[in-house]
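Inspection log for the structure reproduced underneath, given as structure tokens.
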Amino acid sequence: MSKARAAWDALDAPWQAALDEAWASWRIGSLGIGSVIVDDRDGRIVARGRNRIVDRRTEPGVLAATVIAHAEMNALAVLPVGPVESLTLYTTLEPCLMCASTIVLVRIPRVRFAAPDHLFHGLETVLREHPFAVDRMPVREGPLRGPIATFAQLLPLTVISFWTPDGDGTRVYRDAIPTYMQIADDLNRSGTLADVAAAGGAAVDALAATWSQLERVDEPR
């Protein structure tokens, strides 16, 4: 068994599902971020979402073809109305300003993220200081460690570096995590992920195809 497959099989089911959603997002040209919401009482996934900013609008109630079509927003959009005390939101990238604020509004009590988002570093501190949010802030767990966390971070970075190489956000990432951005650029040039997608490969196949590069990244970020 390959290292990538062994690492994938060792993941909890919610992380596998979130990464599957992230890969589905990447394959259609969106940002490559996925999210699921789990009821901790029985481990059941009660909502799924992925970044769909360039996807077509085909499903009622799902955000698509808009800049607000983020993974967490789509998971929250299809979450049934009801008690949230037992829920945990998993996401492959740390929630942005919009998603973090919506999580606070909905009162999701726990958030787990696979990779940090340096564009929104310090956001939690700002939200926590607001009187409305102080008793609504979720318990946060993350990031994950190792190649799978790197994979979760690289999926959106490859899209960002491809579509907006000189954008404001891209410059933040190049300054904060230049090694990751270099790998993202290398993956775009080599077409490794694109080849996996063209062959109909799953998230675990994309993970395996990039594993040697993921292992070379020095932590922490």
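Count the sequence shown with the numbering used here and you get residues 968 to 1188, in order. Backbone N, C-alpha and C define an ideal beta-carbon position, used for all residues, glycine too. Note that the structure is predicted; figures quoted are calculated from it, not measured.
- Task: Please report how far the alpha carbon of A1169 lies from the alpha carbon of P1098, in whole angstroms.
- Result: Here residue 1169 corresponds to residue number 202 of the sequence shown, with the count starting at 1. Here residue 1098 corresponds to residue number 131 of the sequence shown, with the count starting at 1. Their backbone Cα atoms lie some 44 Å apart in a straight line.
- Beta-carbon proximity list for L1122, same chain, < 6 Å, skipping 5 on both sides: The sequence position of residue 1122 within the sequence shown is 155, counting from 1. Same-chain partners within the cutoff: A989, W993 and G999.
- Message: Between the alpha carbons of Y1057 and D1022, how many angstroms are there, rounded?
- Response: Walking along the sequence shown from the start, residue 1057 turns up at place 90. Walking along the sequence shown from the start, residue 1022 turns up at place 55. Going by the C-alpha atoms only, they are around 22 Å apart.
- Query: Helix or strand or just coil, what does DSSP make of I995?
  - Reply: Working through the sequence shown from its first residue, we reach residue 995 at position 28. It is coil, neither helix nor strand.
- Message: Quick check on F1099: does DSSP put it in helix, strand or coil?
- Response: Translated into positions along the sequence shown, residue 1099 becomes position 132. Coil at F1099, not helix or strand.
- Just how far apart, CA to CA, sit H1037 and K970? By 1-based counting over the sequence shown, the position of residue 1037 is 70. By 1-based counting over the sequence shown, the position of residue 970 is 3. So the two alpha carbons sit approximately 30 Å from each other.
- Rounded to a whole number of angstroms, what is the C-alpha to C-alpha distance between N1041 and G1001? Within the sequence shown, the letter at position 74 stands for residue 1041. Within the sequence shown, the letter at position 34 stands for residue 1001. Straight-line Cα distance between these residues: approximately 9 Å.
- Message: Please list the terminal residues of the continuous beta strand (DSSP E) segment that includes T1058.
- Response: Within the sequence shown, residue 1058 is the residue found at index 91, counting from 1. In the DSSP annotation of this structure, the continuous segment of the beta strand (DSSP E) that includes T1058 starts and ends at L1054 to L1060.
- Query: DSSP state of D1006, grouped into three classes?
  - Reply: As a position in the sequence shown, residue 1006 is number 39, starting the count at 1. Strand, per DSSP.
- Query: Going by DSSP, which residues form a beta bridge with G1049?
  - Reply: Counting from one through the sequence shown, the residue named residue 1049 turns up at place 82. According to DSSP, which records beta bridges pairwise, G1049 is partnered with nothing at all.
- Query: The alpha helix (DSSP H) with V1139 in it runs from where to where?
  - Reply: Numbered from its first residue, the sequence shown carries residue 1139 at position 172. First-last of the alpha helix (DSSP H) with V1139: D1135 to A1143.
- Look at the Cβ atom of V1171, then the Cβ atom of W982, and state whether they are nearer than 8 Å. Indexing the sequence shown from 1 puts residue 1171 at position 204. Indexing the sequence shown from 1 puts residue 982 at position 15. No, the pair does not count as a contact, with Cβ atoms beyond the cut-off.
- What are the start and end residues of each continuous alpha helix (DSSP H) run of 4 or more residues lying completely inside the stretch 1073-1124, in chain order? 1090-1095
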